[in-house]
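**Q** This structure is in structure tokens; I'll ask about it shortly.
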Amino acid sequence: MPLSLYVHWPWCVHKCPYCDFNSRACPGGLPEDDYIDCLLKDLDGELQWVQRREVRTVYLGGGTPSLMRPESASRLLSGIRSRMPLAPGCEISMEANPGAVASGRLGAFSEAGINRLSVGVQSFQDPQLRFLGRIHTSRQAEETLGEVRRCFPNWNLDLMFGLPGEDLELLKEDLSRAVGCGSTHLSVYQLTIEQGTAFARRPPPGLPDPDELCDMADAVVSILGRAGFRRYEVSGYAQEGRQCRHNLNYWQYGDYLAIGAGAHGKVSTKKGVLRFAKHSSPGRYMDSVRRGQGPAHFRWVADRQLPFEFMLDALRLTDGVPRVYFESRTGLREEAIGPELDEARHRGLLVDAGDRFRATEKGLDFLSDLQEIFLI
Numbered sequence: 004m005p006l007s008l009y010v011h012w013p014w015c016v017h018k019c020p021y022c023d024f025n026s027r028a029c030p031g032g033l034p035e036d037d038y039i040d041c042l043l044k045d046l047d048g049e050l051q052w053v054q055r056r057e058v059r060t061v062y063l064g065g066g067t068p069s070l071m072r073p074e075s076a077s078r079l080l081s082g083i084r085s086r087m088p089l090a091p092g093c094e095i096s097m098e099a100n101p102g103a104v105a106s107g108r109l110g111a112f113s114e115a116g117i118n119r120l121s122v123g124v125q126s127f128q129d130p131q132l133r134f135l136g137r138i139h140t141s142r143q144a145e146e147t148l149g150e151v152r153r154c155f156p157n158w159n160l161d162l163m164f165g166l167p168g169e170d171l172e173l174l175k176e177d178l179s180r181a182v183g184c185g186s187t188h189l190s191v192y193q194l195t196i197e198q199g200t201a202f203a204r205r206p207p208p209g210l211p212d213p214d215e216l217c218d219m220a221d222a223v224v225s226i227l228g229r230a231g232f233r234r235y236e237v238s239g240y241a242q243e244g245r246q247c248r249h250n251l252n253y254w255q256y257g258d259y260l261a262i263g264a265g266a267h268g269k270v271s272t273k274k275g276v277l278r279f280a281k282h283s284s285p286g287r288y289m290d291s292v293r294r295g296q297g298p299a300h301f302r303w304v305a306d307r308q309l310p311f312e313f314m315l316d317a318l319r320l321t322d323g324v325p326r327v328y329f330e331s332r333t334g335l336r337e338e339a340i341g342p343e344l345d346e347a348r349h350r351g352l353l354v355d356a357g358d359r360f361r362a363t364e365k366g367l368d369f370l371s372d373l374q375e376i377f378l379i
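Here the sequence shown is numbered in the numbering used here, starting from 4 and rising by one per residue.
What follows is the structure in structure tokens.
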């Protein structure tokens, strides 16, 4: 079973109105050193679940982890290496935002051991950036990407579409600029209004209508495909061999430890699949780690929940997953979901592609309907 490690950094310069991640504006006197200490102590407590299993990917997410000092990233990664064996060529990713990484720091992050960057540009249009609450301008994004290009041979760019005031031509311009900036991977998301966000409390006016959104989604697949970016996941497009290995492990129902405020992990044991979550408040999280209290919540996944958990992620992949993964990673026989597979096939949402389960084009368009079939 592949094993990954997720590290959560809970702070941003400020909270964007669309964001429902566990992030908050930086406090005065950021407790960076104390937080790194707690992350490593938290990891010490996680090792009981995985013994000496090799870690294939590490992901520093947030929040905005590029706000930390490069020497903090170096100390964190050194601490991880001293506790767990990292696979040769281990993918070590970090999220960064233009406007939240000082000039010259990216090279230092590379020297610290980060070998893949994910840059939250979101748009190359200044009006849309202001609407999204981003702290950078289009020009600042271009300048940051130039530095990223010099420091990292492998990196992702995040882009959003379906923004107020955006039309198909503006989206095409954004896609052209994204393709031309030298990234090896693009994550392209439609803006969604999530519960608990500022946009949910005050919905923004001027959003594109459903027909426009369909045209935009089709344009994303078509334009990026012609540019050499293959859609391998619902929102993920990569050049050959540049898929995000960390996210692939999630979608293929692999295991992942998780440290940091609000981090969620999943490990497979002889007793079954265990899920756990840490306190979302950074202060409470650090207090609990110092006291050796462990996760805020943990649960064993019931057998009846395993099919939905597996398919929820696996069916996001355009190539699907090997059929044998269902048995090897849930412990259930394929016969346990026989009626559900038949229904999905009958509705034209799923196809047996040889030795793989794979959503059809219709299944990807109606992914929630397909996934819900496996709610047993």
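We treat Cβ as the ideally placed atom computed from N, Cα and C, and that holds for glycine.
Please read these numbers as outputs of a predicted model, since none were measured by experiment.
Give me, in chain order, the residues of the same chain whose beta-carbon lies closer than 6 Å to that of Phe279; leave out the 5 immediate sequence neighbours on both sides.
**A** Translated into positions along the sequence shown, residue 279 becomes position 276. Excluding residues within five positions, the ones whose Cβ falls inside 6 Å are Gly268, Pro298, Phe301.
**Q** Could you tell me whether the Cβ atoms of Ser190 and Asn157 are closer together than 8 Å?
**A** Position 187 of the sequence shown, counted from the first residue, corresponds to residue 190. Position 154 of the sequence shown, counted from the first residue, corresponds to residue 157. For Ser190 and Asn157, no; Cβs fall outside 8 Å.
**Q** With three or more C-beta pairs closer than 8 Å as the rule, is the region 62-73 touching the region 124-132?
**A** Not touching, per the Cβ criterion.
**Q** What is the DSSP secondary structure of Glu35, reduced to helix, strand or coil?
**A** If you number the sequence shown from 1, residue 35 lands on position 32. In the structure shown, Glu35 sits in a helix (DSSP, three-state: H, G or I).
**Q** Could you spell out where the alpha helix (DSSP H) holding Gly366 opens and where it closes?
**A** Residue mapping note: residue 366 aligns to position 363 of the sequence shown, counting from 1. 364-368 is the span of the alpha helix (DSSP H), which, as asked, contains Gly366.
**Q** According to the neighbour-count rule (16 or more other Cβ atoms, all chains shown, within 10 Å of its Cβ), is Thr272 buried or exposed?
**A** Locating residue 272 in the sequence shown gives position 269, where the first residue counts as 1. That one is exposed.
**Q** Let me know the beta strand (DSSP E) ranges lying completely inside the region 175-247, each 3 residues or longer, listed in chain order.
**A** With a minimum length of 3 residues, the continuous beta strand (DSSP E) runs that stay inside the region 175-247 are 188-193, 233-236, 239-241.
**Q** Just curious, the alpha helix (DSSP H) that Gly286 is in, first and last residue?
**A** The residue labelled residue 286 in the question sits at position 283 within the sequence shown. Its alpha helix (DSSP H) spans residues 285-293.
**Q** Pair every Cβ in the region 48-62 with every Cβ in the region 81-91, then say whether three or more of these pairs are closer than 8 Å.
**A** In short, these stretches touch, since the Cβ pair count reaches three.
**Q** So, using beta-carbon positions, are Ser77 and Ala103 closer together than 8 Å?
**A** Looking up residue 77 in the sequence shown gives position 74. Looking up residue 103 in the sequence shown gives position 100. Going by C-beta atoms, Ser77 is not nearer than 8 Å to Ala103.
**Q** Can at least three beta-carbon pairs, one atom from the region 304-321 and one from the region 347-367, be found at a separation below 8 Å?
**A** Contact holds: three or more Cβ-Cβ distances are below 8 Å.
**Q** Going by DSSP, what residues sit across from Ala356 in a beta bridge?
**A** Mapped onto the sequence shown, residue 356 falls at position 353. In the DSSP output, where bridge partners are listed per residue, Ala356 has Arg359.
**Q** Give the secondary structure of Arg108 by DSSP, where H, G and I count as helix, E and B as strand, and everything else as coil.
**A** The residue given as residue 108 occupies position 105 in the sequence shown. In the structure shown, Arg108 sits in a helix (DSSP, three-state: H, G or I).
**Q** From the DSSP output, in three-state form, read off Ile83 for me.
**A** Residue 83 sits at position 80 when you count from the first residue of the sequence shown. It is helical.
**Q** Cα separation between Gly92 and Leu251?
**A** The count along the sequence shown starts at 1 and reaches residue 92 at position 89. The count along the sequence shown starts at 1 and reaches residue 251 at position 248. Near 16 Å, if we compare the C-alpha coordinates of Leu251 and Gly92.
**Q** Considering just the uninterrupted stretch of the alpha helix (DSSP H) at Gln131, what are its terminal residues?
**A** In the sequence shown, counting from the first residue as 1, residue 131 sits at position 128. Here the alpha helix (DSSP H) through Gln131 covers 129-135.
**Q** Report the residue from His188, Glu35, Asp306, Leu367 whose alpha carbon sits nearest the alpha carbon of Ala339.
**A** By 1-based counting over the sequence shown, the position of residue 339 is 336. The shortest C-alpha separation from Ala339 is found at Asp306.
**Q** Since Glu35 contacts Arg84 with CB under 8 Å, what's their CB separation in whole angstroms?
**A** Start at 1 with the first residue of the sequence shown, and residue 35 comes out as number 32. Start at 1 with the first residue of the sequence shown, and residue 84 comes out as number 81. That pair is no contact at about 20 Å.
**Q** Do you know how far the Cα of Lys175 is from the Cα of Ala222?
**A** Position 219 of the sequence shown, counting from 1, holds the residue named residue 222. Position 172 of the sequence shown, counting from 1, holds the residue named residue 175. Cα-Cα distance, rounded: 8 Å.
**Q** Taking the C-alpha atoms as reference points, what is the distance between Gly366 and Ile226?
**A** Start at 1 with the first residue of the sequence shown, and residue 366 comes out as number 363. Start at 1 with the first residue of the sequence shown, and residue 226 comes out as number 223. Distance between the alpha carbons of Gly366 and Ile226: 21 Å.
**Q** Tell me which residues share the same chain as Ala347 and place their Cβ nearer than 7 Å to its Cβ, disregarding the 5 neighbours each side in the sequence.
**A** In the sequence shown, the residue the question calls residue 347 occupies position 344. Cβ neighbours of Ala347 beyond the five flanking positions: Leu353, Leu373, Ile376.
**Q** So what does Phe164 bridge to, in DSSP terms?
**A** Within the sequence shown, the letter at position 161 stands for residue 164. Gln193.
**Q** For Tyr62, write down the residues that DSSP places opposite it in a beta bridge.
**A** To locate residue 62, count along the sequence shown from 1; it is residue 59. Its beta-bridge partners are Tyr9, Ser96.
**Q** Assuming Glu94 and Asn118 make a contact with CB atoms under 8 Å, what is their CB distance in whole Å?
**A** The residue given as residue 94 occupies position 91 in the sequence shown. The residue given as residue 118 occupies position 115 in the sequence shown. Glu94 to Asn118, Cβ: 7 Å. Contact.
**Q** Since Val270 is in the beta strand (DSSP E), which residue starts that stretch and which ends it?
**A** Counting from one through the sequence shown, the residue named residue 270 turns up at place 267. Where Val270 is concerned, the enclosing beta strand (DSSP E) stretches over 267-272.
**Q** Using the beta-carbon count (16 or more within 10 Å), is Arg108 buried or exposed?
**A** By one-based count along the sequence shown, residue 108 stands at place 105. With 16 or more Cβ atoms within 10 Å of its Cβ, Arg108 is classed as buried.
**Q** From this set, Arg205, Glu236, Ser81, which residue's C-alpha is nearest Ile39's C-alpha?
**A** Locating residue 39 in the sequence shown gives position 36, counting from the first residue. When each option's Cα is compared against that of Ile39, the closest is Ser81.
**Q** Between which residues of its own chain and Phe112 is the CB-CB distance below 7 Å, once the five residues before and five after are set aside?
**A** Your numbering for residue 112 matches position 109 in the sequence shown. Contacts found: Pro73, Ala76, Met97.
**Q** According to DSSP, simplified to helix, strand and coil, what is Cys15?
**A** Residue 15 sits at position 12 when you count from the first residue of the sequence shown. If DSSP states are grouped into helix, strand and coil, Cys15 belongs with the strands.
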